[in-house]
Structures are given as structure tokens and as C-alpha cells.
Amino acid sequence: MSLVTSLSTPSMGVNATRIAKDLEGINQFGALPQGGVTRLALSSEDMNAREYLIQEMKAAGLQVRTDAVGNIFGRREGKQNLAPVLMGSHIDTVPEGGCYDGVAGVVAALEVIRTLNDANVETERPIEVVNFTAEESSRFLSSTIGSKFMKGTLSLEKIKTMCDKDDISLYQALKDSGYDPDALETVKKQFGDYHAYIELHIEQGIVLEELGKQIGVVQAIAAPTRLAVRVVGKADHSGNTPMTMRHDALTAASELILAVEQIAKEKTGLQTVATVGNVAVKPGAMNVIPGEAQLLIDIRDINNDDKELAIKLLLQAIEEIQKRREVAITYDFLSDEKPVQLSSRISELIRNETAALNYPYYQMHSGAGHDAMNLVPITDVGMIFIPSKDGISHNIAEYSSIEDLTAGTTVLLNSMYKLAMEAVE
Ligand SMILES: [Zn+2]
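Residue numbers (the numbering used here): 1394 to 1818.
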């Protein structure tokens, strides 16, 4: 089906004051004295914020329903009973997180509804606002949980084993929050249940700010492959062991760290990024040659072939270093997900609407994962990024301006309007 490009958008203006008020309203839950918020998934702060959101949804005239795993939907009916268009994000945060990651997308979606209401606009299709449960991995060590349920990739057995640091399982936390995880099958969506999904999110990087662009049109989401690598050498006395007789786990690990950087920088595609974000050394004493080193490696790309090449080269480097330095290196894949392409139809629509509004934009990919990627098997998905000051995110210093948020919300409004007016199935 082609886009309704000929349709002119009625004159509608989003309200920056309401957006700011919503942000403040939600961010009072879990607010920290030094700024920022801690609102872990399904915590009392999250539950209170959800209640606030539900009230705001109702005040905007939406019919609210919450599914068995706590995903909250607010629905505005259309003239016809067709598959709805969906927009939203998440309101849970990391510990000591910012006020914009996730919240921005939920607040923008609410404002789209209010703006349509103000202008008395009726759409052909219903429009829904969603708040996904537990997008951040901070509590249950798995991200985008609510949308994974919608995709149907989390089982009842699995969620009974996913525990937080206090050993409370995701299953139990959902039950304790008044949800019904035993009915998780009812959460799963089929292809075609939605007409489209658009998520507005802060960029969480420095690209838009550096380029002076106000809107990012996201075309793909890079997926991480994560490995834990263990290097085992021999912990000997640092004074009595000659340099030629050592099996130093840390120097071997250091070579591997540099190899990871070199692989991403020089040997694969331009979009590959690879990071060793953590090193643990044992025994960790100044006068003992390190006997063991563990590395946590994160590799991402939007091109799966390039990512696979990076992994292949990493495994070759492991092999080579292990032999030459006479240490033992073992590894575990902690996750290995494929990059996701978003809908070119939706990104074209977002690009056209952004251009029509005269906002400077940039077509880009997302290095971070989002709920949007789990919706790809269900419907046509697009994402709108707005700039993050200094690229800072998952930090109390996270900041996006109200001007950029208003611009992003306007792009979301016009894009959603066009999609909701597409009446022919
Ligand atoms: Zn987020």
C-alpha cells in the first residue's frame, strides 16, 4: 500500500508547556535530590508513575487497558475498526538515570493525542499510546521485556528464572505488581495486529548535536553480541619469575583488548563498534603476576555480515594469543542478537514530514537497543531521535531541550496522522 502523501495535514500545534508538565509529572516518581531519577521496572516508583500515566491517559480521553505483563495501552478510536497505529516508549529507568530516556517518547505520544483532540481531528484508524514494561535491563538483566512478550519470545519458565539482585523473579515481580504473568500468551501480537509503530526516543549519542541536526530518522537498530572471556595463566611471584618464564593472564588479556579495538577500527565495516567495558584481574596483588583476567566484550553493528566477521576475527585473535602466550582462553556468549532494519516506508514518511516542517534531519542508525526492534515482526516500525546534550544518557546529566522535544513531537504527530488516515487495508 502506498502512503497517503497527497493528504494535507490540518493545522495543529503541539503544546510545549504540556510536554514539560508531563515530563515533570512523571519524573517526580523516583526523583533524586541531585537531579535525575531512579525508577527501576516494577518498583514502587515505577508503579506510582504508571498510575499517574494512566490518569493522564484517561484525562486525554483514552480508553486504558493493561495487558497481563503490565504493558499499558491508551486507545483513541478511529472512524473505522481497522488495525490501530501505535506509538510510545517506556518510563522505567536505570539507577541514577536521566529524565528523558523513554519518558520523552511516552510524553510525546500523549501530547500527540491531546493535539488531535484540541483540533477535533478524527482519524480513520484508532491510535494507541503504549508504555512498555521493563525496557531497561538494570533490574532483571534483560532489556525490552514488555515488547519481547508482545513478540512472544519470553516463556513462563524463562521469566521464573530471571531474578533481580534480591532474588525476586520477573514472574514474581509481575504478580506482586498485580499483573497476571500466567496469562502471558494473551500478550503476544500477530503480524497485522497493528498498522504501524513509531517510537520517539532521545539519541543517547553525540551525532545529532555534533551535526547540528534536530531530528534523527532511524533506519536500523544495531544489536549487540556480548562475550565474557576468561584468560587463565599462572599466578607466580613477581620478583622470582623471570620475564621469559611467565604466563601472565593480564598481558595476554591486554593484547586481546587492543585486538578488539583494531578489529572494529580497521578490519570490518565502518559501522562496527567494539568495546571491552570491564576487566577483572585475579589475584589482583601488586607483587603477584596475574593468574586470571576476565573481560566483558560488547560488539555491535547494523550490518550482520560485518558483525559476524568481527566475531570471527576476535575468535582467531583469541586462538593466536592463547598459543603464543601459553595461556588458556575460554569464552561464553552472553547474548548474540541480529541487527534489525526498520521499515523503509515509515522512515520515508518520517523524513518527508520532517522536511516539510523544515527541521534539519539526519538519517542514522541506533547503536542502542529499543522496544521498537521487537515490534518489527509485528508491524511496520519507525523511530524518531532527538538530540542528547553532550551525548550523555543513563546518567542524571541526561538532557534534551524542550524545543527539540517539541520538534520531535510535531514530527511524530504529523507522521501518525498520515498513518492513521490510511484507510485501505
Ligand atoms: Zn530507552
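All residues carry an ideal CB built from backbone N, CA and C; glycine is no exception.
Residue 1758 is positioned such that its CB atom lies no closer than 7 Å to that of residue 1667. Taking 8 Å as the upper bound for CB-CB distance, residue 1555 and residue 1548 are not in contact here, some 11 Å apart. In the three-state scheme derived from DSSP, where H, G and I count as helix and E and B as strand, residue 1722 is classed as strand.
Rounded to the nearest whole angstrom, the C-alpha separation of residue 1653 and residue 1669 is 8 Å. Under the three-state reduction of DSSP, residue 1496 is assigned to helix.
Exposed is the label assigned to residue 1731, since fewer than 16 other Cβ atoms lie within 10 Å of its Cβ.
Judged by DSSP in its simplified three-state form, residue 1679 adopts coil rather than helix or strand. Sorted by chain position, residues whose beta-carbon lies closer than 5 Å to a non-hydrogen atom of ligand 1 are 1494, 1495. The Cβ-Cβ distance between residue 1490 and residue 1763 does not fall below 7 Å. When rounded, the separation of the alpha-carbon atoms in residue 1493 and residue 1635 is 55 Å. When only Cα atoms are considered, residue 1815 and residue 1600 end up about 33 Å apart.
Residue ranges of uninterrupted beta strand (DSSP E) with 3 or more members, entirely inside the stretch 1426–1467 and ordered along the chain, are 1456–1459.
Nearest C-alpha to residue 1517 among 1699, 1626, 1588: 1588. Taking residue 1508 as the centre and dropping the five residues before and after it, the same chain places the C-beta of 1405, 1407, 1806 closer than 6 Å to its C-beta, in chain order.
By alpha-carbon distance to residue 1770, the top candidate from 1441, 1590, 1458 is 1590. Between the stretch 1714–1732 and the stretch 1685–1704 there are three or more C-beta pairs closer than 8 Å, enough to call the two in contact.
The C-alpha of residue 1700 lies about 24 Å from the C-alpha of residue 1773.
Under DSSP, residue 1481 forms a beta bridge with 1523. Counting C-beta atoms within 10 angstroms of its own C-beta, residue 1531 has 16 or more neighbours from the protein chains shown and is therefore classed as buried. Counting along the chain, residue 1532 sits inside no beta strand (DSSP E), nor does DSSP assign it H or E at all. Check the Cα spacing between residue 1431 and each of 1479, 1495, 1613: the tightest is with 1495. Residue pairing by DSSP places residue 1671 opposite 1689 in a beta bridge.
With fewer than 16 other beta carbons inside 10 angstroms of its own, residue 1790 counts as exposed. Cβ atoms of residue 1471 and residue 1519 come within 8 Å of each other, at about 4 Å.
Under the three-state reduction of DSSP, residue 1652 is assigned to helix. Within the same chain, 1403, 1404, 1405 come within 8 Å of residue 1512 by CB-CB distance, once the 5 residues on both sides are set aside. When C-alpha distances from residue 1572 are compared across 1429, 1775, 1459, 1704, the shortest belongs to 1459.
With contacts defined as CB atoms closer than 7 Å, residue 1592 and residue 1440 fail to qualify as a contacting pair. The alpha-carbon of residue 1718 is positioned some 48 Å away from that of residue 1525.
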